[in-house]
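**Q** After the structure tokens below, expect a handful of questions from me.
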Amino acid sequence: MDKITYASLGSLGEEFHQTFDAALNQVRGKLGDTHPMFIAGKPKQAKGGTFADAAPGDTRTLLGNFQRGNRDETRKAIAAAKAASPAWRDLGWRQRTALLRTAASLMTRRQFEFAALLSLEVGKNRFEAIAEVSEAIDLILYYCQQMEEHDGYELPMGGSGAEQTRSVLKPHGVWAVVAPFNFPLALATGMAAGALVAGNTVVFKPASDTPFSGICLYEVLRDAELPPGVFNFITGPGSAVGHELIVNPGVDGFIFTGSKPVGLKIYHQFARTAPKPCITEMGGKNPAIVMPSANLDDAAEGVMRSAFGMGGQKCSACSRLYLHQDVHKPFMDLLVAKTRLLKIGDPTARDTFLGPLINDVAMKKYAGAVRLGRKEGRIVLGGRALSDGDFARGHFVEPAIVDGAPKDSRLFREEFFAPVLAVAKVKSLDEAIKLANDSEYGLTAGIFTNDEKEQQKFFDEIESGVAYCNRRGGATTGAWPGVQSFGGWKGSGSSGKSALGPYYVAQFMREQSQTLIKK
1 MDKITYASLG SLGEEFHQTF DAALNQVRGK LGDTHPMFIA GKPKQAKGGT
51 FADAAPGDTR TLLGNFQRGN RDETRKAIAA AKAASPAWRD LGWRQRTALL
101 RTAASLMTRR QFEFAALLSL EVGKNRFEAI AEVSEAIDLI LYYCQQMEEH
151 DGYELPMGGS GAEQTRSVLK PHGVWAVVAP FNFPLALATG MAAGALVAGN
201 TVVFKPASDT PFSGICLYEV LRDAELPPGV FNFITGPGSA VGHELIVNPG
251 VDGFIFTGSK PVGLKIYHQF ARTAPKPCIT EMGGKNPAIV MPSANLDDAA
301 EGVMRSAFGM GGQKCSACSR LYLHQDVHKP FMDLLVAKTR LLKIGDPTAR
351 DTFLGPLIND VAMKKYAGAV RLGRKEGRIV LGGRALSDGD FARGHFVEPA
401 IVDGAPKDSR LFREEFFAPV LAVAKVKSLD EAIKLANDSE YGLTAGIFTN
451 DEKEQQKFFD EIESGVAYCN RRGGATTGAW PGVQSFGGWK GSGSSGKSAL
501 GPYYVAQFMR EQSQTLIKK
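Numbering-wise (this note's numbering), the sequence shown opens with residue 1 and increments by one.
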């Protein structure tokens with residue numbers, strides 16, 4: 001079966017489901033093993049023992065045991081990456097892209113196996129899971145394409161006579177790559193591929209909720225025959241592994257995707273003794289705006305998908321809605337009707353839309369948001385944790401829609417990372433944009449309007465790195481490599497050069513001006 005994208009999800013038929021089910025059975029047969037870390041290409045056991053990786057949809061299901069790495073083991077991984085760095089740099093960009101394209105091909109062959117694992121480990125429904133694997137594949141290919149189109153980022157400069165000068169972008173050395181749980185394959189792959197194709201070596205730490213997805217990436221790169229030490233895989237707590245990656249002088253660059261508090265800590269601590277590149281992609285509190293001229297069915301569908309897809313556990317999820325007062329009732333009727341139809345349950349089942357939240361902490365955040373909604377507004381729909389029958393074995397909740405809370409409520413300001421949507425009435429587009437921009441975050445935003453002046457005003461004035469108009473498939477979600485760059489402004493991101501976009505790979509390199517005088 002061909003590679004699947006978000007655009008093709010609606011056309012998936014029986015062949016897709018049969019292939020997914022076969023891969024799921026195959027993956028289930030491999031669960032429960034103990035997995036090592038990999039340093040310099042060799043399996044390593046941690047002195048601190050292991051931790052369990054359980055399925056959030058059924059916590060009785062042990063996916064595997066993973067190593068509880070410590071600071072000393074992290075130092076060894078950094079040293080391995082440092083030792084492998086000169087040869088990987090000198091291999092040249094053409095050979096590096098060839099190896100990474102091989103990795104993309106291997107991932108394509110294993111896409112259903114990886115998708116089945118994502119469904120079990122993260123709780124994604126099967127459509128979101130297969131789309132994530134496809135996104136990971138396209139991230140590798142797109143970043144290889146950037147190196148090729150720029151001829152390895154070597155550019156002739158000005159000069160006259162015997163003086164010849166060129167600008168060359170060169171790798172920094174060793175990069176730490178720290179990935180989140182919500183897109184553990186795609187985001188880890190994208191960050192690592194950007195660093196690797198640019199000629200850097202990598203020490204990779206997956207989220208402790210999703211180490212199995214991380215080891216899939218290691219195996220693909222290993223099987224593509226990247227040299228030992230170029231990509232090192234280490235698991236363990238952030239307090240040990242993550243801290244060592246931040247403070248160790250052997251790490252030349254750091255890239256992180258996750259929460260704003262952790263991202264800011266890394267950003268402030270990493271370059272304490274000397275300037276070093278630190279790319280942090282952090283959270284979002286993403287608004288959608290619906291105006292009277294909008295197609296309300298498209299708007300309700302787009303808001304519903306962005307707010308409740310993957311349980312709102314996306315940094316791009318729509319968590320606040322500014323709804324023009326003239327269309328409040330008809331829009332809310334549509335949104336509630338669509339949300340009621342969403343199937344909650346086993347994420348591997350073919351008709352499930354909403355699987356479990358990732359862990360107990362996520363459940364508590366959801367409960368806190370719902371309590372706040374009841375106190376300050378009105379719960380229009382949902383708001384319950386589900387604990388009966390099969391739901392008792394996992395972290396399941398209902399999507400919640402909160403209307404009428406004050407516009408300065410924490411519901412409109414804090415990122416809860418849960419399926420809770422706060423709705424506020426507005427009188428004008430000016431008011432909606434002002435409220436949308438009144439946030440410490442600036443990741444994604446969306447509007448539904450068929451008025452061309454309103455469309456342009458939104459694009460001109462909205463303070464977000466990603467902006468959508470009239471997107472039925474997702475009001476604020478669904479970026480794709482080479483189609484929509486994905487990165488945040490303000491408290492949502494540090495670099496100003498977005499992932500999935502044309503300026504990404506160059507961030508993993510530094511410029512050298514080379515002048516030669518020919519006699």
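All C-beta atoms in this analysis are idealised placements derived from N, C-alpha and C, irrespective of residue type, glycine included.
#1: Spatial neighbours of Gly199 within its chain, please: CB distance less than 6 Å, with the 5 preceding and 5 following residues excluded, ordered by chain position.
#2: Look up Ser134 in the DSSP assignment and give the residues it is bridged to.
#3: Could you check whether Gly446 and Trp489 sit closer than 9 Å to each other, using their CB atoms as the reference points?
#4: Quick one: give me the first and last residue of the beta strand (DSSP E) that Glu73 is part of.
#5: Taking 8 Å as the threshold, find out whether the region 156-173 comes into contact with the region 509-518 through three or more Cβ pairs.
#6: Tell me whether the region 147-166 and the region 489-501 touch, counting them as touching only if at least three CB pairs, one residue from each stretch, are closer than 8 Å.
#7: Which ranges would you report for the alpha helix (DSSP H) in the region 96-144 if only whole runs of at least 4 residues count?
#8: Three or more beta-carbon pairs under 8 Å between the region 133-147 and the region 175-192, yes or no?
#9: Please state the DSSP three-state secondary structure of Tyr504.
#10: In the structure shown, what three-state DSSP assignment does Trp93 receive?
#11: Go through its chain and collect everything with a Cβ distance to Val174's Cβ below 8 Å, but skip five positions before and after it.
#12: Per the DSSP calculation, Cys318 is bridged to which residue(s)?
#13: Out of Val327, Gly309, Ala400 and Tyr366, which one is the CA nearest neighbour of Asn125?
#14: With distances taken from CA atoms, which of Ile234, Glu440, Glu281 and Gly496 is nearest Thr257?
#15: Give the range of the beta strand (DSSP E) segment to which Tyr153 is assigned.
#16: Suppose you measure from the CA of Lys520 to the CA of Ala176; what does that come to, to the nearest Å?
#17: Report yes or no: do the region 333-342 and the region 367-377 share at least 3 C-beta pairs separated by less than 8 Å?
#18: Is the CB-CB distance between Phe412 and Leu381 below 9 Å?
#19: By Cβ distance below 7 Å, which residues in the same chain neighbour Leu342 in space, the five residues on each side in sequence not counted?
#20: Just mark Lys314 as buried or exposed, buried being the case when its beta carbon has 16 or more other beta carbons within 10 Å.
#21: Between which two residues does the alpha helix (DSSP H) holding Gln455 run?
#22: So, for Arg393: in the same chain, excluding its five sequence neighbours on each side, which residues have a beta-carbon less than 8 Å away from its beta-carbon?
#23: Output yes or no for whether 9 Å exceeds the beta carbon distance between Thr449 and Phe458.
#24: In three-state DSSP terms, what is Pro419?
#25: Output the boundary residues of the alpha helix (DSSP H) element that contains Val251.
#26: CB-CB under 7 Å to His324, same chain, minus the five flanking residues each way: which ones, in chain order?
#27: What distance in whole Å lies between the Cβ atoms of Gly465 and Gly487, which are believed to be in contact at a cut-off of 8 Å?
#28: Give a yes or no on contact between the region 98-106 and the region 223-235, applying the rule of three or more CB pairs nearer than 8 Å.
#29: Can you find the residues in the same chain that come closer than 6 Å, C-beta to C-beta, to Gly190, ignoring five residues on each side of it along the sequence?
#30: Among Lys44, Ser485 and Ser213, which has the Cα closest to the Cα of Ala55?
#31: Here's a check: name, in chain order, each residue in its chain whose Cβ is nearer than 6 Å to the Cβ of Val420, leaving out the five neighbours to either side.
#32: For the putative contact between Ser300 and Leu334, defined by C-beta atoms under 8 Å, what is the C-beta separation to the nearest angstrom?
#33: Skipping 5 residues on each side, what residues in its chain have a beta carbon closer than 6 Å to that of Gly41?
#34: Kindly give me the distance between the Cβ atoms of Thr476 and Asn248, rounded to whole angstroms, as I take these residues to be in contact under 8 Å.
#35: According to DSSP, Arg166 sits in a beta bridge with which residue or residues?
#36: Kindly list the residues whose CB is nearer than 6 Å to the CB of Gly482, restricted to its own chain and excluding five residues on each side of it in sequence; keep chain order.
**A** On the basis of the supplied data:
#1: Arg89 and Pro171
#2: DSSP, once it has assigned bridges, lists no residue as partnering Ser134.
#3: no
#4: Careful: Glu73 lies outside any beta strand (DSSP E), inside the alpha helix (DSSP H) at Arg71 to Asp90.
#5: yes
#6: no
#7: 111-122
#8: yes
#9: coil
#10: helix
#11: For Val174, where only same-chain residues beyond five positions count, the Cβ hits under 8 Å are Ile78, Ala81, Lys82, Ser85, Asn200, Thr201, Val202, Val203, Gly250, Val251, Asp252 and Gly253.
#12: Asn286
#13: Gly309
#14: Glu281
#15: Run containing Tyr153: none; DSSP gives neither H nor E here.
#16: Residue coverage of the chain in this structure runs from 1 to 519, which leaves residue 520 outside it and unanswerable.
#17: no
#18: no
#19: Phe308, Phe353, Leu354 and Pro399
#20: buried
#21: Glu452 to Glu461 is the extent of the alpha helix (DSSP H) around Gln455.
#22: Gly57, Asp58, Thr59 and Arg60
#23: In this structure, Thr449 sits near Phe458, with a CB-CB distance shorter than 9 Å.
#24: coil
#25: Counting along the chain, Val251 falls outside any alpha helix (DSSP H), and DSSP gives it neither H nor E.
#26: Once the five neighbours on either side are set aside, the close Cβ partners of His324 are Val290, Met291, Pro292 and Val426.
#27: The beta carbons of Gly487 and Gly465 sit about 5 Å from each other, so the pair counts as a contact at 8 Å.
#28: yes
#29: Leu139 and Ala499
#30: Ser213
#31: Ala369 and Ala400
#32: Just to set this straight, residue 300 is Ala in the shown sequence, not Ser. Contact check for Ala300 and Leu334: beta-carbon distance about 4 Å, within the 8 Å limit, so the pair qualifies.
#33: Pro228
#34: Actually they do not touch by this definition, with Cβ atoms about 37 Å apart.
#35: Pro156 and Gln514
#36: Tyr142
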